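Only one structure is covered here, and it is reproduced in the block below.
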Ligand code: ATP
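In the UniProt record's numbering, the protein residues as written are 1 to 234.
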């Protein structure tokens, strides 16, 4: 289990996270939803060790991880698939994927996982030798996700995986998230698409300007009047 307690983060004078606490149980899909600027990405980046906390703790399987460097957090089994398309445009699809395995040296395992990623994303397989930068937006999103999986994580953190995708692809991405979870991976999902996120999530937290204001099972929040009004278009 991943456990976040009283996490505070500042960017200069901006108090971006104002003491948030939440848990991500093993094997579950947990989602954080909220408006722009609520602090969703900051939360994921803090867990990944990319943003320094001012106060609070982050523990994984009972061990503190909040002062580890990012690569040790990946080694511990937690990976972030970042928002946008932070892939390497001049490297091929295969090279991008292999970069995800940079902390590993189990050659056979890496090959097996590459096969698994290609099974999940047949489009990437067809485009093995294509340069990342020439992929469509949706394909780049899949590549970012595939690269994250190549570290063989136990916990996958996804920052807005459906951002900017056409409806059919959005559906595909959420199916893939469920497939990844069905393989035993724990998922921490950040989404603007609250409807789709709540539908797949076992449990959800609503973030408003750096604070958790509401939580509950995904299905329950889908029916919550406040959530409907603020995040599901009434
Ligand atoms: P979005 O859905 O728009 O991505 P978010 O919920 O992920 O929003 P964050 O990106 O975590 O929100 O931002 C939280 C707050 O921190 C915002 O007010 C944002 O402007 C601020 N912020 C984020 N990154 C930085 C940074 N590098 N420097 C200064 N302020 C930042």
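Note that CB positions come from ideal geometry on N, CA and C, so glycine has one too. All values reported here derive from a predicted model rather than from experimental measurement.
Residue i: CB within 7 Å of a non-hydrogen atom of the ligand ATP
i, result
"residue 14", "yes"
"residue 197", "no"
"residue 166", "no"
"residue 49", "no"
"residue 37", "yes"
"residue 83", "yes"
"residue 11", "yes"
"residue 42", "yes"
"residue 63", "no"
"residue 192", "yes"
"residue 19", "no"
"residue 34", "yes"
Residue(s) in a DSSP beta bridge with residue i
i, result
"residue 157", "80 and 188"
"residue 216", "204"
"residue 22", "4"
"residue 55", "8"
"residue 131", "92"
"residue 211", "208"
"residue 63", "60"
"residue 32", "190 and 205"
"residue 17", "9"
Whether residue i touches residue j by CB criterion (8 Å)
i, j, result
"residue 221", "residue 213", "no"
"residue 100", "residue 151", "yes"
"residue 49", "residue 82", "no"
"residue 76", "residue 65", "yes"
"residue 146", "residue 174", "no"
"residue 93", "residue 132", "yes"
"residue 27", "residue 184", "yes"
"residue 51", "residue 157", "no"
"residue 140", "residue 87", "yes"
"residue 124", "residue 143", "yes"
"residue 60", "residue 7", "no"
"residue 165", "residue 40", "no"
"residue 17", "residue 24", "no"
"residue 44", "residue 155", "no"
"residue 47", "residue 181", "no"
beta-carbon residue i near the ligand MG non-hydrogen atom, thresh 7 Å
i, result
"residue 208", "In the structure shown, the ligand MG is absent; the only ligands present are the ligand ATP."
Short CB-CB distance (under 8 Å) between residue i and chain D
i, result
"residue 147", "Checking the listed chains, one finds no chain D in this structure; it contains a single protein chain."
Rounded distance between the beta-carbons of residue j and residue i, thought under 8 Å
i, j, result
"residue 149", "residue 113", "7 Å"
"residue 215", "residue 204", "7 Å"
"residue 38", "residue 187", "So it is not a contact: roughly 19 Å between Cβ atoms."
Should the stretch 191–208 be called in touch with the stretch 33–45, which here means at least 3 C-beta pairs below 8 Å?
yes
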